[in-house]
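Engineer: Let me give you the structure first, and then I'll get to my questions.
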Amino acid sequence: MRAVHHLTLPRALHPGAWWLWALCMAVAASRTRNPVLLVLILAVTGFVVSARRSDAPWAHSFAAFLKLGLLVIAVRVVLQALLSTRSQGNTLLFTLPQIPLPDWAAGVKLGGDVTAEALVTALYDGGQLAVMLCCVGAANALASPRRLLKSLPGALYEMGVACVVALTFAPQLVTDGRRVRAARRLRGRTRASFRTTAMPVLEGALDRSVELAAAMDSRGYGRTAQAPRAQRRLTALCVLLGLLGILLGVYALLTDAMAFPFAAGALAAGVLLAVAAMAVGRQRVSRTRYRPDPWALPEWLVVAAGALAAGAMVIAAVRGVNGLLLAGPLVVPPVPVLPVVGVLIGLVPAIAAPPLRKAVA
Amino acid sequence: MIEFDQVTVTYDGAREPALRDVSFTVPEGELALVIGRTGSGKSTLLRAINGLVPHFTGGTLAGRVLVDGRDTREYRPRDLADVVGMVGQDPMAGFVTDTVEDELAYSMESLGVAPDVMRRRVEETLDLLGLADVRDRALTSLSGGQRQRTAIGAALTSHPAVLVLDEPTSALDPQAAEEVLAALQRLVHDLGVTVVMAEHRLERVIQYADRVIEVPGGAAAVSTGLPADRMVTAPVAPPVVELGRLAGWSPLPLSVRDARRAAVALRSQLDSAAPARPLAALGKELGRCTDLVVGYGNVTALRGVSLSIKAGEVVALMGRNGAGKSTLLNSLVGIITPRSGTATAAGVDPRRTKPKRLVKAVGLVPQEPADLLYAATVADECGSADSDFKVPAGSCRALLERLAPDVPLDMHPRDLSEGQRLCLALAVVLCGAPPLLLLDEPTRGLDYGAKRRLVAILRELAAAGHAVVLSTHDVEMVAEVATRVMVLADGELVSDGETAEVIAGSPAFAPQVAKILAPLPFLTVGEVAEALDRAS
Chain A
0 MRAVHHLTLP
10 RALHPGAWWL
20 WALCMAVAAS
30 RTRNPVLLVL
40 ILAVTGFVVS
50 ARRSDAPWAH
60 SFAAFLKLGL
70 LVIAVRVVLQ
80 ALLSTRSQGN
90 TLLFTLPQIP
100 LPDWAAGVKL
110 GGDVTAEALV
120 TALYDGGQLA
130 VMLCCVGAAN
140 ALASPRRLLK
150 SLPGALYEMG
160 VACVVALTFA
170 PQLVTDGRRV
180 RAARRLRGRT
190 RASFRTTAMP
200 VLEGALDRSV
210 ELAAAMDSRG
220 YGRTAQAPRA
230 QRRLTALCVL
240 LGLLGILLGV
250 YALLTDAMAF
260 PFAAGALAAG
270 VLLAVAAMAV
280 GRQRVSRTRY
290 RPDPWALPEW
300 LVVAAGALAA
310 GAMVIAAVRG
320 VNGLLLAGPL
330 VVPPVPVLPV
340 VGVLIGLVPA
350 IAAPPLRKAV
360 A
Chain B
0 MIEFDQVTVT
10 YDGAREPALR
20 DVSFTVPEGE
30 LALVIGRTGS
40 GKSTLLRAIN
50 GLVPHFTGGT
60 LAGRVLVDGR
70 DTREYRPRDL
80 ADVVGMVGQD
90 PMAGFVTDTV
100 EDELAYSMES
110 LGVAPDVMRR
120 RVEETLDLLG
130 LADVRDRALT
140 SLSGGQRQRT
150 AIGAALTSHP
160 AVLVLDEPTS
170 ALDPQAAEEV
180 LAALQRLVHD
190 LGVTVVMAEH
200 RLERVIQYAD
210 RVIEVPGGAA
220 AVSTGLPADR
230 MVTAPVAPPV
240 VELGRLAGWS
250 PLPLSVRDAR
260 RAAVALRSQL
270 DSAAPARPLA
280 ALGKELGRCT
290 DLVVGYGNVT
300 ALRGVSLSIK
310 AGEVVALMGR
320 NGAGKSTLLN
330 SLVGIITPRS
340 GTATAAGVDP
350 RRTKPKRLVK
360 AVGLVPQEPA
370 DLLYAATVAD
380 ECGSADSDFK
390 VPAGSCRALL
400 ERLAPDVPLD
410 MHPRDLSEGQ
420 RLCLALAVVL
430 CGAPPLLLLD
440 EPTRGLDYGA
450 KRRLVAILRE
460 LAAAGHAVVL
470 STHDVEMVAE
480 VATRVMVLAD
490 GELVSDGETA
500 EVIAGSPAFA
510 PQVAKILAPL
520 PFLTVGEVAE
530 ALDRAS
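Line by line, the protein sequences give chains A and B. In terms of numbering that gives the first Met the number 0, the first sequence is residues 0 to 360. In terms of numbering that gives the first Met the number 0, the second sequence is residues 0 to 535.
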């Protein structure tokens with residue numbers, strides 16, 4: 000067995016594997032509004048993150064996403080309380096002062112009676128969105144998007160570089176803005192104007208990008224093998240259509256907006272197109288890659304764990320297994336066996352992903 | 000290896016060519032040093048070597064540049080990437096990736112080097128430049144010297160025959176500069192790399208140069224020669240050379256070691272003399288910090304610094320990159336709120352004073368001088384500075400003319416060279432003539448002439464009752480102008496005393512004259528000349 004297949008050999012897992020696993024967990028969360036299952040999914044992703052994250056700056060993003068999730072729930076609940084009607088149930092909790100609205104806003108109600116059913120439904124709906132956000136946060140914490148971009152296929156290399164540069168420039172703009180604002184004080188000016196704030200920041204950013212472009216040019220960026228223009232255009236078109244197909248398919252799978260066969264079809268067609276484009280595009284790229292992340296047994300196990308978790312949930316949803324959706328807002332949530340087992344399989348990466356390399360003291 | 004044949008470069012829209020009729024050759028394995036005044040076209044010359052001029056910058060290049068037999072007319076910069084490694088002025092601006100190892104591999108990836116070769120070269124380069132300990136670190140977390148070495152390493156991994164560096168040590172503290180120069184020295188000696196480098200800090204680099212290329216700017220011709228020959232007449236010269244000229248040593252020593260050996264007679268001649276240092280007439284207190292603690296996030300930048308600055312003083316703030324120098328200056332103008340303790344400038348609390356009144360008390364030239372400049376032309380900038388600080392029209396322009404006489408008034412401030420831009424920002428702040436004047440690294444990118452003019456202006460201000468604080472790595476400048484030196488280390492004030500006391504004995508901060516004449520207490524060539532005058 001090659002060394003990279005060992006589960007215990009310390010190395011960084013392929014970022015793509017982490018993102019696939021996390022997206023699968025998000026798909027699983029999208030199938031249910033049962034709070035027991037949602038909390039379970041959150042616990043599983045949280046456990047894996049705490050077991051396998053590094054100490055890099057981005058590894059703390061899970062907490063940030065968790066806070067964002069809480070905010071989403073809070074906003075949802077407050078809005079529901081303000082706009083609640085009695086359509087969901089009749090258990091009155093309290094009554095807010097109602098604000099009279101003009102006639103043209105008939106059907107909309109501000110304030111008034113707030114029912115327990117309405118609040119609980121908002122809580123569960125918000126919870127679902129929050130858990131899906133946390134899944135993205137988990138991917139972010141385990142593998143920075145920048146690392147993911149680095150392992151993009153050769154045909155998408157230029158696009159990846161553009162994204163990486165943008166990712167570097169955004170935080171730089173914030174620091175520049177702060178510095179320029181501080182410098183304005185030194186000229187004895189209090190009022191901000193476009194000329195004294197935005198101009199220096201934008202000029203600075205422009206200068207920096209010109210300098211970066213010069214540096215990249217002198218370091219051989221863009222020394223690709225020549226390819227006929229028609230072929231380049233075809234590749235670009237295939238890539239775009241493929242990505243569109245993937246996007247459509249994933250969206251349909253996540254939201255129930257389209258029939259399952261259509262969604263799966265769009266996804267498959269998108270993947271096929273994209274793969275074909277990359278195979279063609281690879282021929283014209285003459286660059287090599289330094290220490291590419293290997294894709295070996297641990298990666299397969301992590302992705303498989305995610306796929307099983309998502310698969311169990313999707314199958315349960317399609318079969319109509321009891322307990323994914325609640326009969327009513329105020330019933331005690333049931334604990335369905337198949338989905339629970341499925342979600343628990345999502346824990347596998349906590350063991351299957353290799354531990355991180357520790358710096359040698 | 001490099002051949003310039005009657006090269007003339009004219010940028011689009013420029014009236015005058017940036018370089019005129021330049022011809023020289025640099026043979027393989029030499030270290031060539033490009034010198035010249037601020038804005039004289041050194042960067043243009045360096046960028047012409049790998050074809051950035053004119054392929055990237057635009058403009059017209061007449062004549063021919065041959066590098067390793069390749070004509071830059073036919074090869075674009077990216078096609079020369081395997082022959083020329085380029086390191087820009089600001090290493091951070093040229094980084095494409097985010098960790099040291101990836102940055103080192105980047106150009107090899109673009110060139111399509113085989114993965115196993117790449118792996119080997121990255122390891123070799125990490126060792127060669129002493130970067131193995133930081134291989135996984137994010138580039139933003141590196142110190143200045145480490146960044147510069149990473150940039151050099153990134154240019155080196157593709158095994159170029161020529162390495163081009165634009166002011167590699169100007170932003171570094173003395174220790175980090177030593178590290179970088181030692182690494183370059185190894186490349187030239189052990190690997191036979193041809194190095195072309197522009198640098199204003201001649202005192203740091205002249206001893207390593209095999210050849211000097213002087214770019215005088217304007218209509219004068221570019222000339223080359225051996226360092227010792229050039230230095231006899233060069234208008235810009237480091238203190239060791241000036242001392243050699245003064246004492247009439249021949250051959251002219253270029254390193255402290257050679258000068259020390261030549262200086263035996265001079266030392267005995269000066270034995271009984273002492274440098275005449277007029278005591279600064281100290282006035283009232285203009286700047287004060289008490290138990291100043293400043294932190295960002297979980298980093299503490301200053302830990303309980305207390306100091307007092309009086310009128311008539313020129314205080315030099317020294318210490319490693321990241322020791323807290325800029326933080327201290329920024330707290331004195333109220334840009335940073337201290338966690339505890341107080342900072343007062345000319346009697347006012349900078350945090351609670353309106354900017355309009357604050358600029359009448361304290362002025363700061365920040366590390367990025369461009370932050371202070373908003374106008375579209377130099378002339379407009381001077382005009383708006385006059386109205387900002389409510390001084391008679393033309394004051395700023397007069398100051399600028401004194402600092403840098405040849406700055407074109409119709410240029411955009413961003414198009415000036417780094418040194419010229421700094422002069423403009425200096426002029427803007429100086430025209431307010433605040434009682435307390437703070438300068439954050441004012442000598443970066445300045446040539447000797449501009450430095451001399453800056454020294455004269457600072458002395459004048461101090462004599463007129465202003466207090467000046469400058470943070471700098473430039474020990475020669477400190478020796479010339481400072482009356483007092485404070486050294487910060489890790490956010491604490493570790494020494495504070497008269498200039499001679501603090502810097503003369505320190506291995507890192509001693510100026511060249513002090514090293515040559517130790518144990519005699521001389522710091523500058525001027526002091527020596529004056530003592531010799533008195534003796535005769």
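Think of the CB as a built atom: it goes at the ideal place given N, C-alpha and C, for glycine as much as any other residue. Since the structure is predicted, the reported quantities are computational estimates derived from the model, not experimental observations.
Is it true that the CB of I212 of chain B sits closer than 8 Å to the CB of V364 of chain B?
Structural biologist: Translated into the one-based positions of the second sequence, residue 364 of chain B becomes position 365. Translated into the one-based positions of the second sequence, residue 212 of chain B becomes position 213. No.
Engineer: Starting from the C-beta of V304 of chain B, find all residues in its chain whose C-beta is less than 6 Å away, skip the five residues before and the five after it, and write them out in chain order.
Structural biologist: Taking the second sequence and counting its residues from 1, the one referred to as residue 304 of chain B is at position 305. For V304 of chain B, where only same-chain residues beyond five positions count, the Cβ hits under 6 Å are C288, L291 and L492.
Engineer: Candidates B:Y373, B:D89, B:A455 and B:P250: which alpha carbon is nearest S169 of chain B's?
Structural biologist: Counted from its first residue, the second sequence places residue 169 of chain B at position 170. It is B:D89 whose Cα lies nearest to the Cα of S169 of chain B.
Engineer: If I follow the unbroken alpha helix (DSSP H) through D290 of chain B, where does it start and stop?
Structural biologist: Indexing the second sequence from 1 puts residue 290 of chain B at position 291. Note, D290 of chain B: premise wrong, no alpha helix (DSSP H); beta strand (DSSP E) at E284 to Y295.
Engineer: Note the first and the last residue of the continuous beta strand (DSSP E) segment covering P96 of chain A.
Structural biologist: Position 97 of the first sequence, counted from the start, is the residue given in the question as residue 96 of chain A. It spans L91 to I98 - the beta strand (DSSP E) in which P96 of chain A sits, taken as one unbroken run.
Engineer: So the candidates are B:S39, B:Q147, B:D189 and B:V194; which of them puts its Cα closest to the Cα of V163 of chain B?
Structural biologist: For the purposes of this step, residue 163 of chain B is identified with residue 164 of the second sequence, where counting begins at 1. Closest option to V163 of chain B, Cα to Cα, is B:V194.
Engineer: D489 of chain B lies in the alpha helix (DSSP H); which residues open and close that run?
Structural biologist: Walking along the second sequence from the start, residue 489 of chain B turns up at place 490. Here D489 of chain B belongs to no alpha helix (DSSP H), and DSSP marks it neither H nor E.
Engineer: Check whether the Cβ of R77 of chain B lies closer than 8 Å to any Cβ atom in chain A.
Structural biologist: Here residue 77 of chain B refers to the residue found at position 78 of the second sequence. Yes - at least one Cβ of chain A is within 8 Å of the one on R77 of chain B.
Engineer: I'd like the list of long-range same chain contacts for F388 of chain B, defined as Cβ closer than 7 Å, with 5 residues on each side in sequence excluded.
Structural biologist: The sequence position of residue 388 of chain B within the second sequence is 389, counting from 1. The answer, listed in chain order, is V358, C430 and G431.
Engineer: A375 of chain B and G203 of chain A - do their beta-carbons sit closer together than 8 Å?
Structural biologist: Start at 1 with the first residue of the first sequence, and residue 203 of chain A comes out as number 204. Start at 1 with the first residue of the second sequence, and residue 375 of chain B comes out as number 376. No. Outside cutoff.
Engineer: Classify P101 of chain A as buried or exposed, calling it buried when 16 or more other Cβ atoms lie within 10 Å of its own Cβ.
Structural biologist: The residue you call residue 101 of chain A lines up with position 102 of the first sequence. P101 of chain A is exposed by the Cβ-count criterion.
Engineer: What are the residues that DSSP puts in a beta bridge with R210 of chain B?
Structural biologist: Sequence index remark: in the second sequence, residue 210 of chain B carries index 211 (1-based). Looking at the DSSP assignment, R210 of chain B forms a beta bridge with B:A31.
Engineer: What's the gap between the Cα of E312 of chain B and the Cα of T343 of chain B?
Structural biologist: Here residue 312 of chain B is taken as the residue at index 313 of the second sequence, counted from 1. Here residue 343 of chain B is taken as the residue at index 344 of the second sequence, counted from 1. Straight-line Cα distance between these residues: approximately 16 Å.
Engineer: Looking at the C-beta of L435 of chain B, does it have a partner C-beta in chain A at a distance below 8 Å?
Structural biologist: Residue 435 of chain B sits at position 436 when you count from the first residue of the second sequence. It does not; no Cβ of chain A falls within 8 Å.
Engineer: What whole-angstrom Cβ distance do L141 of chain A and R51 of chain A have, given they're in contact under 8 Å?
Structural biologist: Start at 1 with the first residue of the first sequence, and residue 141 of chain A comes out as number 142. Start at 1 with the first residue of the first sequence, and residue 51 of chain A comes out as number 52. The Cβ separation is near 6 Å, so the contact holds.
Engineer: Are the CB atoms of A530 of chain B and L269 of chain B within a distance shorter than 8 Å?
Structural biologist: Walking along the second sequence from the start, residue 269 of chain B turns up at place 270. Walking along the second sequence from the start, residue 530 of chain B turns up at place 531. Contact: yes.
Engineer: With 8 Å as the threshold, decide whether the Cβ of A251 of chain A is near any Cβ in chain B.
Structural biologist: The residue given as residue 251 of chain A occupies position 252 in the first sequence. No - not a single Cβ of chain B is within 8 Å of the one on A251 of chain A.
Engineer: With distance defined between alpha-carbon atoms, name the residue in B:V524, B:I334, B:A488 and B:A392 nearest to R177 of chain A.
Structural biologist: By one-based count along the first sequence, residue 177 of chain A stands at place 178. Cα-wise, what sits closest to R177 of chain A is B:I334.
Engineer: Can you tell me the Cβ-Cβ gap for E422 of chain B and A392 of chain B, rounded? I've got them flagged as a contact below 8 Å.
Structural biologist: For this step, residue 422 of chain B is matched to residue 423 along the second sequence. For this step, residue 392 of chain B is matched to residue 393 along the second sequence. Residue identity check: residue 422 of chain B is Cys in the sequence provided, not Glu. Not quite, the Cβ-Cβ distance comes to about 20 Å (not below 8 Å), so this is no contact.
Engineer: Would you say S394 of chain B faces chain A, with C-beta separation under 8 Å as the test?
Structural biologist: One-based indexing of the second sequence puts residue 394 of chain B at position 395. False, the Cβ-Cβ gap to chain A never drops below 8 Å.
Engineer: Going by Cα to Cα distance, which pick from A:L343, A:P297 and A:L337 is closest to H4 of chain A?
Structural biologist: If you number the first sequence from 1, residue 4 of chain A lands on position 5. Considering only alpha carbons, the answer is A:P297.
Engineer: Among the residues of its own chain, which have a CB less than 6 Å from the CB of A322 of chain B, if the five just before and after it don't count?
Structural biologist: The sequence position of residue 322 of chain B within the second sequence is 323, counting from 1. Here the set comprises L487 and A488.
Engineer: Tell me the rounded alpha-carbon separation between D257 of chain B and R401 of chain B.
Structural biologist: If you number the second sequence from 1, residue 257 of chain B lands on position 258. If you number the second sequence from 1, residue 401 of chain B lands on position 402. Between D257 of chain B and R401 of chain B, the C-alpha separation is close to 36 Å.
Engineer: Do T498 of chain B and R483 of chain B come within 8 Å of each other at the CB atom, strictly closer than that value?
Structural biologist: The residue labelled residue 483 of chain B in the question sits at position 484 within the second sequence. The residue labelled residue 498 of chain B in the question sits at position 499 within the second sequence. Going by C-beta atoms, R483 of chain B is nearer than 8 Å to T498 of chain B.
Engineer: For R244 of chain B, which residues of its own chain have a beta-carbon under 8 Å away from its beta-carbon, when the five flanking residues on both sides are left out?
Structural biologist: One-based indexing of the second sequence puts residue 244 of chain B at position 245. Contacts found: V231, A236 and L251.
Engineer: Could you please tell me which residues of the region 185-205 of chain A, in chain order, have their CB closer than 8 Å to any CB of chain B?
Structural biologist: Against chain B - using a Cβ distance shorter than 8 Å - the residues of the region 185-205 of chain A are L185, R186, G187, R188, T189, R194, T195, M198, P199, E202 and G203.
Engineer: At the level of alpha carbons, what is the spacing between L201 of chain B and D446 of chain B?
Structural biologist: Here residue 201 of chain B corresponds to residue number 202 of the second sequence, with the count starting at 1. Here residue 446 of chain B corresponds to residue number 447 of the second sequence, with the count starting at 1. About 9 Å.
Engineer: Going by beta-carbon coordinates alone, are T71 of chain B and S106 of chain B separated by less than 8 Å?
Structural biologist: The sequence position of residue 71 of chain B within the second sequence is 72, counting from 1. The sequence position of residue 106 of chain B within the second sequence is 107, counting from 1. In this structure, S106 of chain B does not lie closer than 8 Å to T71 of chain B by Cβ.
Engineer: Using a Cβ-Cβ cut-off of 8 Å, state whether M85 of chain B counts as contacting chain A.
Structural biologist: In the second sequence, residue 85 of chain B corresponds to position 86, counting from 1. Yes, M85 of chain B lies at the interface with chain A (some Cβ there is under 8 Å from its Cβ).
Engineer: Would you mind stating whether V76 of chain A and A121 of chain A have Cβ atoms separated by less than 8 Å?
Structural biologist: Stepping through the first sequence from its first residue, residue 76 of chain A is reached at position 77. Stepping through the first sequence from its first residue, residue 121 of chain A is reached at position 122. Cβ atoms of V76 of chain A and A121 of chain A: closer than 8 Å.
Engineer: Residues of chain E with CB under 7 Å from A182 of chain A, in chain order?
Structural biologist: Among the protein chains of the structure shown, namely A and B, there is no chain E.
Engineer: Since V221 of chain B and T149 of chain B should fall inside the 8 Å C-beta cutoff, what is the C-beta to C-beta distance between them, to a whole number of angstroms?
Structural biologist: Working through the second sequence from its first residue, we reach residue 221 of chain B at position 222. Working through the second sequence from its first residue, we reach residue 149 of chain B at position 150. Going by Cβ atoms, the distance from V221 of chain B to T149 of chain B rounds to 32 Å, so no, they are not a contact pair.
Engineer: Is the Cβ-Cβ distance between L369 of chain A and G126 of chain A less than 8 Å?
Structural biologist: In the structure as shown, chain A begins at 0 and stops at 360. Residue 369 of chain A is therefore absent and cannot be evaluated.
Engineer: What whole-angstrom Cβ distance do A154 of chain B and E102 of chain B have, given they're in contact under 8 Å?
Structural biologist: What you label residue 154 of chain B is simply residue 155 of the second sequence in a count that begins at 1. What you label residue 102 of chain B is simply residue 103 of the second sequence in a count that begins at 1. Actually they are not in contact, since the Cβ atoms of A154 of chain B and E102 of chain B sit about 10 Å apart, beyond 8 Å.
Engineer: Show which residues of chain A have a CB atom less than 8 Å away from the CB atom of G111 of chain B.
Structural biologist: Within the second sequence, the letter at position 112 stands for residue 111 of chain B. Going along chain A in sequence order, the residues near G111 of chain B (Cβ under 8 Å) are R222, S285, R286 and T287.
Engineer: Is I1 of chain B helix, strand or coil when you go by DSSP?
Structural biologist: Along the second sequence, one-based indexing puts residue 1 of chain B at 2. Three-state DSSP puts I1 of chain B in a strand.
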